[in-house]
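Residue numbers (the numbering used here), protein chains in the order written: chain A, 1 to 128; chain B, 1 to 128; chain C, 1 to 128; chain D, 1 to 128; chain E, 1 to 128; chain F, 1 to 128.
No residue lacks a Cβ here, since even glycine has one placed at the ideal position from N, Cα and C.
Below: one structure, written as structure tokens.
See below:
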């Protein structure tokens, strides 16, 4: 069991290097197992599979979270994407691409989320 | 205007090489402009942008359509992904990854769709 | 109580004139009250309000059901729209408009549904 | 008619005992009938049916609102659940269970909502 | 190309007369083409089609955005609807009608959004 | 690891007693780990937790799947609910309750799914 947890943490130490403890702290007094599930299921079982690299996985997660309209988790994964060497331009392109599949409202909301993260990290303006 | 249309068709000739005319035929007697919009907007304006390659774009579209539960379009894009050299294993991995973001029901429905396409194309069993 | 039911039925006799009994028959051995709720709540309380006419209401319902991806109910309301003098072209236009708000996958699925209804009623090709 | 309204209010006096008037006040100058619909349809017609008790109904509503991502209404129904003797642990368990059906993003957002309600009511930490 | 852009702007000058530049400013340093897409695709290609008038189009968009739960865009289109002579009562009626198709939670959230816009514009209380 | 799998299987042997192998067979040549994830995550980690009984869990899952519009999984869980002693009437009541939170279209689709299962099992008409 410990093994599964450690395996998941090894990915999170890369993708979420700046806020790795937040996921546990936020639920420690209400649902401590929820944080554990996130480490042990997606990070341990899925993100460690070698058939797809972390960069492609994070871009696909950004596509999914934009589609879902899940803004706080999208922001966390935009940071994760930057941490595995996605460029800001790649992130913007994938969000923009979603407009064909989900329309403009959720695309706009996701782009605003990206803008907030990029502003915090002083990555704007993009110069592509 | 013709230019925009031709530009979009140049992508569709790659991604949808086997069924490129279906998109026009299906709506020709009810909404012919809808087919044109699809060529001129996503394919011409988005898929031709160089910052992200077609392979990554198709995997992200698969992520989005799995999230959305849009099965007929997912099947079309699984074919598109194969046409731009995504492997069946990569497609399966991205669908499986979605389980973390959308849960198992829509993931299962998407995997069944992938299975149907792969069976038609005699690509099963996957041996990775 | 009877009064509320009769009031809702007076709208359904217009919008669903060809299949008004289906709504009751389908659930009579499992959930008879569900059919009654539909008559007494949306049809009696909402569709009878005079501030918006039935034609505009049906087009807005088509917009909502296209957005929701609820195809069987969409088909029923496309028939309802025709019954309150919406033209096939107006119905097509509203479905096409949705592409901006929900993207192409659900728009395509809705347009296919419209095509099926219009074919049954021998309304194709549209000549606008 | 009055009867239907009173019947719905008899449930709301239990589930929403602390904020029963908010539902009317918020819409009184824009859509007063919307508050009435809520009393007369779900509370009067559904929550009064005896085949399922209020506690189970509120847990199922929490499951639905978590799935829907409707946070303000979820918070209101978490209070409603506490008012019909659901324990905080039961509420947390149902939200956590949803992760299998909707994935982690919406589950996390719902759990944060539960945490806010439980903090206001001084119910944390949970000690089960 | 310029032509398509100008054509879209001619609609936006009516529907978004007070905030027409916001759409470009917000994304100018991150995704300038996204603003252009919105002008050139929905506003130029769809809203200019004559088969349905702008008033009906805006009411249908309100129906869609209420269904989608896209609150910021809904607020923008409520303003757009007022700018093409929809009455506040018509807007309220369409939002209320959605309760039948999407349930009360998203209907309530949309009505609160409408209330905020109407309060800003000093249009409350509605007196119909 | 085996332990986690066996723990999940002990629940599935109750809820899915008639079709327990389907979940593995369907994906064995394309994504065998997906079946394992379902056993090891929701069934092993969640359904075995004692704070809520299996009957309440299945009703809440029915609420979620109705909300999500995931019909094949809903049908499977309606069978699961019957296997842990939910009555057909309780299942119908929870689906009907959802109309308040998701509107009639998805409620109707879920009720039709329930009707199909109950017909197969010769449980209709319901007599409560």
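Looking at the unbroken alpha helix (DSSP H) that takes in residue 106 of chain D, where does it start and where does it end?
-> Here residue 106 of chain D corresponds to residue number 106 of the fourth chain, with the count starting at 1. That run of the alpha helix (DSSP H) goes 104 to 120.
With respect to the alpha helix (DSSP H) encompassing residue 18 of chain E, which residues constitute its N-terminal and C-terminal limits?
-> Here residue 18 of chain E refers to the residue found at position 18 of the fifth chain. Per DSSP, residue 18 of chain E belongs to no alpha helix (DSSP H) and is neither H nor E.
If the cut is a Cβ gap below 7 Å, which residues of chain D does residue 100 of chain F touch?
-> Position 100 of the sixth chain, counted from the start, is the residue given in the question as residue 100 of chain F. Under the 7 Å cutoff, chain D gives 41, 42 and 46.
Would you please verify whether the beta carbon of residue 37 of chain A is less than 8 Å from any beta carbon of chain F?
-> Along the first chain, read from residue 1 onward, the residue named residue 37 of chain A stands at position 37. Answer yes: the Cβ-Cβ gap between residue 37 of chain A and chain F drops below 8 Å somewhere.
Do we get a CB-CB distance below 8 Å when we pair residue 60 of chain B with the residues of chain E?
-> For the purposes of this step, residue 60 of chain B is identified with residue 60 of the second chain, where counting begins at 1. With 8 Å as the cut-off, residue 60 of chain B does not count as an interface residue toward chain E.
Would you identify the three-state DSSP class for residue 60 of chain F, choosing helix, strand or coil?
-> Here residue 60 of chain F refers to the residue found at position 60 when the sixth chain is read from its first residue. Residue 60 of chain F falls in the helix class under three-state DSSP.
Taking residue 122 of chain D as the reference, give the member of A/9, A/79 and A/30 with the closest Cα.
-> Walking along the fourth chain from the start, residue 122 of chain D turns up at place 122. If we check each option's Cα against that of residue 122 of chain D, A/30 comes out closest.
According to DSSP, is residue 30 of chain E helix, strand or coil?
-> For the purposes of this step, residue 30 of chain E is taken as residue 30 along the fifth chain, with counting starting at 1. In the structure shown, residue 30 of chain E sits in coil (DSSP, three-state: anything other than H, G, I, E or B).
Determine the DSSP secondary structure at residue 125 of chain C, reduced to helix, strand or coil.
-> Taking the third chain and counting its residues from 1, one reaches residue 125 of chain C at position 125. Looking at residue 125 of chain C - three-state DSSP - the assignment turns out to be coil, as it is neither helix nor strand.
Can the beta-carbon of residue 105 of chain B be found less than 8 Å from the beta-carbon of residue 34 of chain F?
-> Indexing the second chain from 1 puts residue 105 of chain B at position 105. Indexing the sixth chain from 1 puts residue 34 of chain F at position 34. No; because the gap between Cβ atoms is not below 8 Å, this pair is not in contact.
Kindly indicate the opening and closing residues of the alpha helix (DSSP H) around residue 80 of chain B.
-> Taking the second chain and counting its residues from 1, one reaches residue 80 of chain B at position 80. From DSSP, the alpha helix (DSSP H) with residue 80 of chain B extends over 71 to 83.
Can you tell me whether residue 16 of chain B is buried or exposed, with buried defined as 16 or more other CB within 10 angstroms of its CB?
-> Translated into the one-based positions of the second chain, residue 16 of chain B becomes position 16. Under this definition residue 16 of chain B is a buried residue.
Rounded straight-line distance, which links the Cα of residue 101 of chain B to that of residue 103 of chain D = The count along the fourth chain starts at 1 and reaches residue 103 of chain D at position 103. The count along the second chain starts at 1 and reaches residue 101 of chain B at position 101. Their backbone Cα atoms lie some 4 Å apart in a straight line.
Buried versus exposed call for residue 32 of chain E [16 or more other C-beta atoms within 10 Å across all chains shown] = As a position in the fifth chain, residue 32 of chain E is number 32, starting the count at 1. It counts as exposed.
Contacts around residue 43 of chain C, its chain only, beta-carbon distance under 7 Å, and the 5 residues preceding and following it disregarded = Taking the first residue of the third chain as position 1, residue 43 of chain C is located at position 43. 8, 11 and 12.
Along the alpha helix (DSSP H) that carries residue 88 of chain D, what are the first and last residues, could you check?
-> Here residue 88 of chain D is taken as the residue at index 88 of the fourth chain, counted from 1. Element bounds for residue 88 of chain D: 88 to 97.
Residue 97 of chain F to residue 41 of chain D, Cα distance in whole Å?
-> For the purposes of this step, residue 97 of chain F is taken as residue 97 along the sixth chain, with counting starting at 1. For the purposes of this step, residue 41 of chain D is taken as residue 41 along the fourth chain, with counting starting at 1. Cα-Cα distance, rounded: 10 Å.
Residues of the region 76 to 108 of chain A with Cβ closer than 7 Å to any Cβ of chain D, in chain order = none
What do you reckon, are the CB atoms on residue 71 of chain E and residue 113 of chain E nearer than 8 Å?
-> Taking the first residue of the fifth chain as 1, we reach residue 71 of chain E at position 71. Taking the first residue of the fifth chain as 1, we reach residue 113 of chain E at position 113. Cβ atoms of residue 71 of chain E and residue 113 of chain E: closer than 8 Å.
Assigned secondary structure, residue 100 of chain B (DSSP; H/G/I helix, E/B strand, else coil) | In the second chain, the residue the question calls residue 100 of chain B occupies position 100. Three-state DSSP puts residue 100 of chain B in a helix.
Contacts that residue 52 of chain E makes with chain C (C-beta to C-beta distance below 7 Å) = By 1-based counting over the fifth chain, the position of residue 52 of chain E is 52. The contacting residues are 90, 93 and 94.
Do we get a CB-CB distance below 8 Å when we pair residue 5 of chain A with the residues of chain E?
-> Start at 1 with the first residue of the first chain, and residue 5 of chain A comes out as number 5. Answer no: the Cβ-Cβ gap between residue 5 of chain A and chain E never drops below 8 Å.
Please report the Cβ distance between residue 74 of chain E and residue 65 of chain E, rounded to the nearest whole angstrom; I am assuming they are in contact, meaning their Cβ atoms lie under 8 Å.
-> Start at 1 with the first residue of the fifth chain, and residue 74 of chain E comes out as number 74. Start at 1 with the first residue of the fifth chain, and residue 65 of chain E comes out as number 65. Between residue 65 of chain E and residue 74 of chain E the Cβ distance is about 4 Å, and since that is below 8 Å, they are a contact.
Since residue 123 of chain B meets chain A, which of its residues come closer than 7 Å, beta carbon to beta carbon?
-> Residue mapping note: residue 123 of chain B aligns to position 123 of the second chain, counting from 1. Going along chain A, no residue has its Cβ under 7 Å from residue 123 of chain B, so there is no contact; the nearest lies around 15 Å.
How about residue 127 of chain A and residue 56 of chain B: do their beta carbons lie closer than 8 Å?
-> Looking up residue 127 of chain A in the first chain gives position 127. Looking up residue 56 of chain B in the second chain gives position 56. No, Cβ-Cβ distance for residue 127 of chain A and residue 56 of chain B is not below 8 Å.
For residue 90 of chain E versus residue 59 of chain E, is the C-beta distance shorter than 8 Å?
-> Here residue 90 of chain E corresponds to residue number 90 of the fifth chain, with the count starting at 1. Here residue 59 of chain E corresponds to residue number 59 of the fifth chain, with the count starting at 1. Yes; because the gap between Cβ atoms is below 8 Å, this pair is in contact.
Pull up the distance between the alpha-carbon of residue 51 of chain E and that of residue 92 of chain C, whole angstroms please.
-> Here residue 51 of chain E is taken as the residue at index 51 of the fifth chain, counted from 1. Here residue 92 of chain C is taken as the residue at index 92 of the third chain, counted from 1. Those two C-alpha atoms are separated by around 10 Å.
Cutoff 8 Å: residue 115 of chain C Cβ touching any chain B Cβ = By 1-based counting over the third chain, the position of residue 115 of chain C is 115. Yes, residue 115 of chain C lies at the interface with chain B (some Cβ there is under 8 Å from its Cβ).
Which residues of chain C have a Cβ atom closer than 7 Å to the Cβ of residue 118 of chain F, listed in chain order?
-> The residue given as residue 118 of chain F occupies position 118 in the sixth chain. Chain C residues near residue 118 of chain F: 30.
Residue 11 of chain E by DSSP, collapsed to three states: which one?
-> Taking the first residue of the fifth chain as 1, we reach residue 11 of chain E at position 11. DSSP places residue 11 of chain E in helix when its eight states are reduced to three.
Residue 1 of chain B classed as buried or exposed, judged by whether at least 16 other C-beta atoms fall within 10 angstroms | Numbered from its first residue, the second chain carries residue 1 of chain B at position 1. With a pLDDT of only 49 at residue 1 of chain B, under 50, the local geometry of the prediction cannot be trusted, and the value read off the model is given with reservation. Classification of residue 1 of chain B: exposed, given that the 10 Å Cβ count is below 16.
Using a beta-carbon distance below 8 Å, is residue 9 of chain C in contact with chain D?
-> On the third chain, position 9 is the one that residue 9 of chain C refers to. Residue 9 of chain C does not count as touching chain D.
Residue 37 of chain E beta carbon less than 8 Å from that of residue 45 of chain B | Within the second chain, residue 45 of chain B is the residue found at index 45, counting from 1. Within the fifth chain, residue 37 of chain E is the residue found at index 37, counting from 1. Yes, they are a contact pair.
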